[in-house]
Amino acid sequence: MMTRSAVFVFLMLLLAGAVQAVEREHPAKAKVIQVDRDQKVLSLTVDDATVEVGDLFVVLREPDHAGIPEKNLAVIGIESIGKDQAVGKVLFGTMPSVGAVSKRFYGIPAVFTDRVGDPTPVTPALKARFPDLLWRDEPEASNDVPLVRFQVTGRGQAVATYNNTWLVGIVQTDAEAHRVGSVEGEASSSPYAKLPINAKSLSAFRSGSDYYFAAEHGNKLSFFLVDSSGAVQSLASIEVPRREKVIRMDWYVSENSYYLILNQWNGRSVSSSLIQLAEGKAETIGFIPLILGLQDLDADGRRETILGQSFYSEQGFGSEIYKISISPNGPDLEKAVHEELSQYTPVFRVIGAVVQNEPRPLNMVTVSQGKVSFFPAGTEGPHLDYEIGSRVAGTSMTYDVSPELVFSPRQTLFLPNLLVRSGGDAVNIGIPQESSAAEDMIGVYDTRVDWLTLRSGKSPKTQSTSLLTSVPVSPVSGNTELFFMSPDENSVQSDSFDVETLVYRAAMPTGR
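Taken in order, the sequence shown gives residues -21 to -1, 1 to 491; the numbers are from mature numbering (1 follows the signal peptide of the UniProt record, and there is no 0).
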């Protein structure tokens, strides 16, 4: 484990820019004169007066191997400079012996990666801050020299590690100064809108420059219209059908008709209600004993296909996938078995999986806690797995498999909250994570969104974005944009009866 002293050395190295280029022509050498193996501290005599705190030395040879390069690499960081000697710390490798000769280490290899660890071009600001690092586009696995890795963790920040093991510190990747303290200014996002209810869950849909929101609160569903300035207009309210637990809401739009799909749980099975919003009124127009989800099967940018699948506590997900149609002549629901997708169950589920049906072959992505799987041709042949985080946001329900039994086994139904956007030949899948406290930022919460860009015949590309807020947030379901919600903490702490729900809008990655 890296000690505080070693971290200090590395921070000095990184923040001071290591060594000056003029010294490269006269590399300094040092000889070990005293060692403390318990503390991994040693003293060196240096033949160069320009040695500074933060310099690195690499052991060239041990005293009993004169002239032979040392195979077991040891890196020493200089912690302090005395009159005739320097004190250093072993940062990597084994403690050298008294008499070992070391040489100042220049040109430390470095690589800049995204959140999932894939190399990406280093930012100009970061490169300018550390000109003495040898920036590489790809890490070289065969290289014997350890490297410094800068991995993006949030907006404008990266965590630096040495040799994939020891923490160096958190550095800025852009030109902005790092803020530590209370939230203000650009440190966190401001609410996009404030809804005048205490919502348990929200679902959003975009219409032109305005947004429709459906909010579940208590045993009611309320509908709001929010314009581009964030002004809120209340539209209608309705009782939750059958008073069953709401586990997911989604919007379906057909020929200027707006429908809210309501997935509900009664302790034994999932069923769905269809609510129509028209002329300022909300009305329940249908019920179907299936869990319903939306897909963009033709990759035209709209999720206009309603798919259904049964779910019972004793049996789990059903093996047949249904295509649901709304009759243009009335609120009647029609269903038909979708034979192509049914053959991919139980891998494919109407919620938690995304398919790209055009062009062939079928591409499919499934999301669960901690893992994303990409199937380039249905379930046939090999597939790729991605570690996407163990805190994927969604709805979880723990239930008894056989409620009649006293000692019934318990299982969990998890429905991840995904955002799917299609355009051109690509499908972009946003996978929100649960909020967590941002490192080194007091009163700030970081909500990460992992993105996969899916193109037919190619492996997915990955990218991450981050939303910083002053309160923990949860994702808003829906067929548009990327929203998050949170109760207004000020209202909650003051025991106000007029609790508001804060709505935040997160930025989409470039090119999506």
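We put the CB at the ideal spot given by N, CA and C, even for glycine.
Can you tell me whether residue i is buried or exposed? The criterion is at least 16 other CB atoms within 10 Å of its CB, across all chains shown.
| i | result |
| --- | --- |
| Ser233 | exposed |
| Pro355 | buried |
| Ala187 | It should be pointed out that residue 187 corresponds to Gly in this sequence rather than to Ala. Its Cβ having fewer than 16 others within 10 Å, Gly187 is exposed. |
| Gly164 | With a pLDDT of 28 at Gly164, under the threshold of 50, the modelled position of this residue cannot be trusted, and the question is left open. |
| Gly272 | buried |
| Ser213 | exposed |
| Pro170 | buried |
| Glu293 | exposed |
| Ala315 | exposed |
| Gly349 | exposed |
| Leu384 | exposed |
| Leu320 | buried |
| Val428 | buried |
| Gly331 | buried |
| Ala257 | exposed |
| Ile305 | buried |
| Gly67 | buried |
| Phe386 | exposed |
| Asn407 | buried |
| Pro268 | exposed |
| Ser414 | buried |
| Ala104 | exposed |
| Pro48 | With a pLDDT of only 47 at Pro48, under the threshold of 50, the placement of this residue in the model should not be trusted; the figure read from the coordinates follows. Pro48 comes out exposed. |
| Gln322 | exposed |
| Arg281 | exposed |
| Arg400 | buried |
| Glu418 | exposed |
| Ile421 | exposed |
| Pro100 | exposed |
Can you name, in chain order, every residue of its own chain whose Cβ lies under 6 Å from the Cβ of residue i, other than the five neighbours on each side?
| i | result |
| --- | --- |
| Tyr291 | Ser248 |
| Asn284 | The sequence given here places Thr at residue 284; Asn does not occur at that position. Around Thr284: Gln274 and Leu276. |
| Ser375 | Thr391 and Phe393 |
| Thr324 | Ser298 |
| Ala485 | Leu446 and Leu461 |
| Val131 | Asp93, Arg94 and Ala137 |
Taking the continuous beta strand (DSSP E) assigned at residue i, which residues delimit it?
| i | result |
| --- | --- |
| Ser59 | Val54 to Ile60 |
| Tyr238 | Ser236 to Trp244 |
| Leu174 | Ala172 to Leu174 |
| Val211 | Val211 to Glu218 |
| Lys179 | Here Lys179 belongs to no beta strand (DSSP E), and DSSP marks it neither H nor E. |
| Gln412 | Note, Gln412: premise wrong, no beta strand (DSSP E); not H, not E. |
| Ser233 | Lys224 to Ser233 |
| Glu195 | Asp189 to His196 |
| Phe393 | Arg389 to Pro395 |
| Pro88 | Pro88 to Thr92 |
| Lys199 | Lys199 to Val205 |
| Leu305 | First, the residue type needs correcting, since residue 305 is Ile and not Leu in the sequence shown. Counting along the chain, the beta strand (DSSP E) containing Ile305 begins and ends at Tyr301 to Ile305. |
| Ser375 | Gly373 to Asp379 |
| Asp15 | Lys8 to Asp15 |
| Gln335 | Ala332 to Gln335 |
| Arg328 | Looking at the DSSP string, Arg328 is not in any beta strand (DSSP E), and its letter there is neither H nor E. |
| Thr480 | Thr480 to Arg484 |
| Lys19 | No beta strand (DSSP E) contains Lys19, which DSSP labels as neither H nor E. |
| Met343 | Asn342 to Ser347 |
Hey, quick one: how far does the alpha helix (DSSP H) through residue i stretch, first residue to last?
| i | result |
| --- | --- |
| Ser321 | Glu318 to Ser321 |
Assuming residue i and residue j form a contact by the criterion Cβ under 8 Å, report the distance between their Cβ atoms to the nearest whole angstrom.
| i | j | result |
| --- | --- | --- |
| Ser352 | His362 | 5 Å |
| Met487 | Leu181 | No, Met487 and Leu181 are not in contact; Cβ-Cβ is about 18 Å, not under 8 Å. |
| Leu23 | Ala65 | 5 Å |
| Gly259 | Ala215 | 6 Å |
| Leu174 | Glu479 | 6 Å |
| Leu70 | Gly61 | Going by Cβ atoms, the distance from Leu70 to Gly61 rounds to 20 Å, so no, they are not a contact pair. |
| Val14 | Ser81 | 12 Å between Cβ atoms; not a contact. |
| Ile270 | Val333 | Their Cβ separation, rounded to whole angstroms, is 16 Å, which puts Ile270 and Val333 out of contact at 8 Å. |
| Ala139 | Val127 | 6 Å |
Using a Cβ-Cβ distance cut-off of 8 Å, determine whether residue i contacts chain C.
| i | result |
| --- | --- |
| Phe266 | Checking the listed chains, one finds no chain C in this structure; it contains a single protein chain. |
Excluding sequence positions up to five away, which residues of its chain have a Cβ less than 8 Å from the Cβ of residue i?
| i | result |
| --- | --- |
| Asn122 | The predicted position of Asn122 is uncertain, since its pLDDT is 49 and thus under 50; no value can be drawn from it. |
| Pro388 | Asp379, Val380 and Ser381 |
| Arg222 | Asn198 |
| Ala416 | Val423, Tyr424 and Asp425 |
| Val211 | Ala172, Lys173, Leu174, Pro175, Phe203, Leu204 and Val205 |
| Glu41 | Glu49, Pro75, Ser76, Gly78 and Ala79 |
Sorted by chain position, which residues of the same chain lie with C-beta nearer than 7 Å to residue i's C-beta, five sequence neighbours on each side aside?
| i | result |
| --- | --- |
| Lys106 | Trp114 |
| Gly209 | Tyr171 and Ala172 |
| Trp244 | Glu223, Lys224, Ile226 and Met376 |
| Lys19 | Lys68, Val69 and Met74 |
Tell me whether residue i, by its Cβ, gets closer than 7 Å to a heavy atom of the ligand FMN.
| i | result |
| --- | --- |
| Trp244 | The ligand content of the structure shown is nil, which means the ligand FMN is not present either. |
- Any chance you could list the alpha helix (DSSP H) runs of at least 4 consecutive residues sitting entirely within the stretch 420 to 466, in chain order? As far as the stretch 420 to 466 is concerned, it has no whole alpha helix (DSSP H) run of at least 4 residues.
- Uninterrupted beta strand (DSSP E) stretches inside the stretch 247 to 297 (no shorter than 3 residues): List check, beta strand (DSSP E) in window: 249 to 257, 260 to 267, 270 to 274 and 284 to 288.
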